[in-house]
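Below is one structure; the comments refer to it alone.
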Amino acid sequence: MFRYHTPIEYFQYGLNVLAAICSCCIHSYIIIRLIANYDKLSYYRNFVVAQSLVYVTDSVIMFLTNYVYCSGVLTYGQPFLPLSPHVVGIMMCAMEVISQLETTLLAIFNIYRTTVIVRSKYAVYFYIIVVVVAVISYGASLVSGLTQEIALRYVALALMSSGFLPTIVCYFMVRQHFKLINSSDIVRRMQSKLSLCLLLQWILQMISILIMWSGFAFNYFFLFTFEDARAVEAVVDVYFIIADAFLAWIPAITGLLIKWSISGFLQGKTVRSKSSSIDVCPERRKSVLVSTYTERKNSVHVSANAIARNSLKN
0 MFRYHTPIEY
10 FQYGLNVLAA
20 ICSCCIHSYI
30 IIRLIANYDK
40 LSYYRNFVVA
50 QSLVYVTDSV
60 IMFLTNYVYC
70 SGVLTYGQPF
80 LPLSPHVVGI
90 MMCAMEVISQ
100 LETTLLAIFN
110 IYRTTVIVRS
120 KYAVYFYIIV
130 VVVAVISYGA
140 SLVSGLTQEI
150 ALRYVALALM
160 SSGFLPTIVC
170 YFMVRQHFKL
180 INSSDIVRRM
190 QSKLSLCLLL
200 QWILQMISIL
210 IMWSGFAFNY
220 FFLFTFEDAR
230 AVEAVVDVYF
240 IIADAFLAWI
250 PAITGLLIKW
260 SISGFLQGKT
270 VRSKSSSIDV
280 CPERRKSVLV
290 STYTERKNSV
300 HVSANAIARN
310 SLKN
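Residue 93 in the working numbering sits at position 94 of the sequence shown, and the numbers go up by one each step.
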């Protein structure tokens, strides 16, 4: 279904396409740079690669689905790929599962990071909470997609929002830990940058869940509260246009946050080798100067001793 009649619909379509392209480009750049710069990826770099792959998949599905809402009419699909309502329902279910996977990955990495830094004894309980909530929410999303049961969809969203609890707890634990220990300014800045990036990702995902929930509540309560149907329709249109545009740009915004937080990892090998040589060169120059001075000093002592021995012989 691909029939646009108003400039607003074309504007939404352009925003959706641009958001998908930007997201795929940013996350593909992150993946390629990390794989090209390092022969062996650490746990954190593997997490970033997996996270970017999930966001690329999310952006591709959003691009193919391409929801556009205006004047109570919902259009979907691309001109080169017509979609049936059944296929759209399956893709919508897949988008929700991928969104839950993004939340689960973020929570698991926060727990792992907290375990490495703080060595918390509660990490096992955090893992159990995240895994149980993820399994139940995945199951609810899959069943709702197959049976078209709206209630199960909102149950899955509620469970997904509860999965953020370990993430926010781990954030404050790590933050408090670095306040109590003496660490270098570089380590402190890097950890603060990473913590801020994870917190902003958490906020973005919470906003997306609130938008999904508030869309249903907003539409339901406003339709039964006001008598002026035209005013209600105009308000609902504005709300859904803004909400859908924000949801479409979340993967791209997240990619920019990740790129900002790991900017040092994304530099080319030549840049990193130059920076390392800059750090090492002063020490090398110092050692060369010391060795040269020692050799000259020893040669002077040797020549002086030889002259003294010759004079004694004569």
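Each residue gets a CB set at the ideal place from its N, CA and C atoms; glycine is no exception.
If you look at TYR68, you'll find it in the beta strand (DSSP E) that goes 67-69. The C-alpha of TRP201 lies about 15 Å from the C-alpha of ALA251. Around the CB of ILE29, 16 or more other CB atoms lie within 10 Å, so the residue is classed as buried. In the structure shown, THR102 falls within a helical segment according to DSSP collapsed to helix, strand and coil. Check the Cα spacing between ILE261 and each of TYR43, SER183, THR113: the tightest is with TYR43. Secondary structure note for LEU73: its beta strand (DSSP E) is the uninterrupted segment 72-74. Taking a C-beta distance under 9 Å as the contact criterion, TYR37 and PHE245 do not qualify as a contact pair. Counting the other CB atoms within 10 Å of its CB gives TYR9 a total below 16, which places it among the exposed residues. Counting the other CB atoms within 10 Å of its CB gives TYR124 a total below 16, which places it among the exposed residues. In summary, HIS26 is buried, with 16 or more beta-carbon neighbours lying within 10 Å of its beta-carbon over all protein chains present. The segment 58-76 and the segment 6-21 touch, with no fewer than 3 CB-CB distances between them shorter than 8 Å.
Contact annotation: TYR126 and ILE110 have beta-carbon atoms nearer than 9 Å. If you draw a straight line from the Cα of GLY13 to the Cα of PHE171, it is about 39 Å long. Residue pairing by DSSP puts GLN77 in a beta bridge opposite LEU80.
Per the C-alpha coordinates, the member of HIS85, PRO84, LEU80, ALA133 positioned closest to VAL96 is ALA133.
Put simply, of LEU73, ASP57, ARG32 the residue whose alpha carbon is nearest the alpha carbon of ASN45 is ARG32. Non-local beta-carbon contacts of LEU256 in its own chain, meaning distances under 7 Å to residues more than five positions away in sequence, involve CYS196, LEU199, GLN200 in chain order.
In this structure, the beta-carbon distance from SER98 to SER207 falls below 9 Å. Setting aside the 5 residues that flank it on each side, VAL53 is surrounded in the same chain by ILE97, LEU100, GLU101, LEU104, each with a C-beta closer than 8 Å to its C-beta; the list follows chain order. In the DSSP assignment, HIS26 falls within the alpha helix (DSSP H) that extends over 6-36. Taking C-beta separations shorter than 7 Å and ignoring five residues to either side along the sequence, the partners of PHE108 in its chain run PHE46, following chain order.
Remark: C-beta atoms of VAL87 and THR64 approach each other more closely than 9 Å.
The C-beta separation of ALA18 from TRP212 comes to about 22 Å, leaving the pair out of contact by the 8 Å criterion. Secondary structure of PHE62 (DSSP, three-state): helix.
Here DSSP, grouped into helix, strand and coil, assigns ASN181 to coil. Contact check for ARG112 against CYS24 fails: the beta carbons are separated by 9 Å or more. DSSP, reduced to helix, strand and coil, places PHE171 within a helical segment of the structure shown. In the displayed model, PHE163 falls within coil according to three-state DSSP, outside both helix and strand. Within the same chain, LEU63 come within 8 Å of LEU80 by CB-CB distance, once the 5 residues on both sides are set aside. Per DSSP, reduced to three states, the secondary structure at GLN200 is helical. The Cβ atoms of VAL129 and ALA106 sit closer than 9 Å to each other. Sorting SER182, SER58, LYS39 by C-alpha distance to the C-alpha of ASN15 places SER58 at the top.
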